[in-house]
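The block underneath contains the structure these notes are about, expressed in C-alpha cells.
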Amino acid sequence: SPFWTAFALWAYGSAFSVADPARALAAWHEGLALARENRMPYWEAFIGRDAAGLDVTEGDSRDALELFDAAIELFHRAGNVAQLTITLASLSRFFERTGCIEQAAALCVDLMRQTGSVVLAPDLPDLENLLRASLGEAAFDGLSERATAELGDTVRATRRQIHLVRAQLKPSA
C-alpha cells in the first residue's frame with residue numbers, strides 16, 4: 017500500500033534524522049516522490065515539512081523553501097490547522113537559522129497570536145525570546161504592532177516571504 021510505504025519512509029527518515037541526516041533525506045525524498053506519484057497530499061506535506069527542516073543543515077536552502085511552500089499550501093488548502101501551525105513554526109526556525117531574522121520574527125509573532133500554537137510548537141516562546149534579543153526590543157515590538165491574528169493572512173504573507181527569500185538565494189551547484 018502506498019500509504020503505509022510513505023508512512024514507513026517517513027518513520028525511517030525520522031529515525032535517522034539526527035544520526036545520519038543524509039540517509040534520512042534520501043528516505044524522505046523517496047517518500048515525497050511516492051506521495052506525489054500516488055496523489056497523497058497529506059504525506060507530501062508531512063514528509064516535505066520534515067525534509068525541509070533537515071535541508072537547512074544538510075541540503076539546499078532553495079529546495080527547503082520550496083518544500084516548506086508546498087507543505088504550507090497543502091495543509092492550508094486541507095484546513096489542517098494543527099499541521100499548518102507546526103509547519104509555520106518550523107519555517108520560522110528555518111528563517112532564524114539561515115539569517116532571515118526579520119522574516120522569522122514576523123512569522124513567530126503571528127504564530128504566537130494563534131490559539132493553541134504554543135501547544136503545537138512548544139519551542140515558540142524560546143524562539144520569540146531569541147528573535148527579540150537578535151532584533152532588539154524596539155524592532156521586535158514594531159513587528160508585533162503589525163502582526164495579524166488571521167491564519168489565512170499569515171499564510172499569504174509567509175508564502176510571499178518564501179518566494180522573496182528563495183529568489184535572493186543562489187541556486188546550488
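At position 122 of the sequence shown (counting the first as 1) the number is 138 in this note's numbering, and the numbers step up by one without a gap.
Note that the Cβ used here is the ideal one computed from N, Cα and C, for glycine as well.
Exposed or buried, what is ALA38 when buried is set at 16 or more other beta-carbons lying within 10 Å of its beta-carbon? Counting Cβ neighbours within 10 Å, ALA38 comes out exposed, since fewer than 16 surround it.
I believe LEU48 touches ILE63 by the beta-carbon criterion, under 8 Å. Please report the beta-carbon distance rounded to the nearest angstrom. At roughly 5 Å, the Cβ-Cβ gap stays under 8 Å, so LEU48 and ILE63 are in contact.
Once you ignore the five residues that flank GLU46 on each side, which residues in its own chain have a CB closer than 7 Å to its CB? Scanning its chain for C-beta atoms nearer than 7 Å, with the 5 sequence neighbours on each side dropped, one finds around GLU46 the residues LEU25, in chain order.
6 Å Cβ shell around ALA43 - same chain, five flanking residues per side excluded: Correct list, in chain order: LEU25, TYR28 and GLY29.
Cα-Cα separation between GLN177 and PHE111, rounded to whole angstroms: Going by C-alpha positions, GLN177 is about 10 Å away from PHE111.
Grab me the residues of THR131's own chain with a C-beta within less than 8 Å of its C-beta, minus the 5 sequence neighbours each way, in chain order. Cβ neighbours of THR131 beyond the five flanking positions: none.
What would DSSP say about SER150, mapped onto helix, strand or coil? Note: SER150 maps to helix in three-state DSSP.
Nearest-angstrom Cα separation, counted from VAL125 out to ALA163: CA-CA distance, ALA163 to VAL125, rounds to 6 Å.
Using a 10 Å radius around the Cβ and a threshold of 16 neighbouring Cβ atoms, would you call SER133 buried or exposed? Result: buried.
Span separating the alpha-carbon of MET56 from that of LEU50: Note on geometry: alpha-carbon atoms of MET56 and LEU50 lie some 8 Å from one another.
Distance CB(ALA120)-CB(ALA86) smaller than 8 Å: In this structure, ALA120 lies away from ALA86, with their beta-carbon atoms at least 8 Å apart.
Give me, in chain order, the residues of the same chain whose beta-carbon lies closer than 7 Å to that of ALA67; leave out the 5 immediate sequence neighbours on both sides. The answer, listed in chain order, is LEU41, TRP44, HIS45, LEU48 and LEU83.
From GLY158 to ALA165, what distance separates their C-alpha atoms? Their Cα atoms are separated by approximately 15 Å.
Which listed residue (ALA98, PHE32, ALA155 and ALA137) has its alpha carbon closest to that of LEU70: The option with the nearest alpha carbon to LEU70 is PHE32.
Please classify GLN197: is it buried, with 16 or more other beta-carbons within 10 angstroms of its beta-carbon, or exposed? In the structure as shown, the chain begins at 17 and stops at 189. Residue 197 is therefore absent and cannot be evaluated.
Which ranges would you report for the alpha helix (DSSP H) in the stretch 43-101 if only whole runs of at least 4 residues count? Inside the stretch 43-101, DSSP marks whole alpha helix (DSSP H) runs of 4 or more residues at positions 57-74 and 77-94, from first to last along the chain.
Could you pull out every residue in the same chain whose Cβ sits closer than 8 Å to the Cβ of GLY168, ignoring the five residues on either side in sequence? Leaving aside the five residues that flank GLY168 on each side, the residues in its chain whose CB is nearer than 8 Å to its CB run, in chain order, HIS92.
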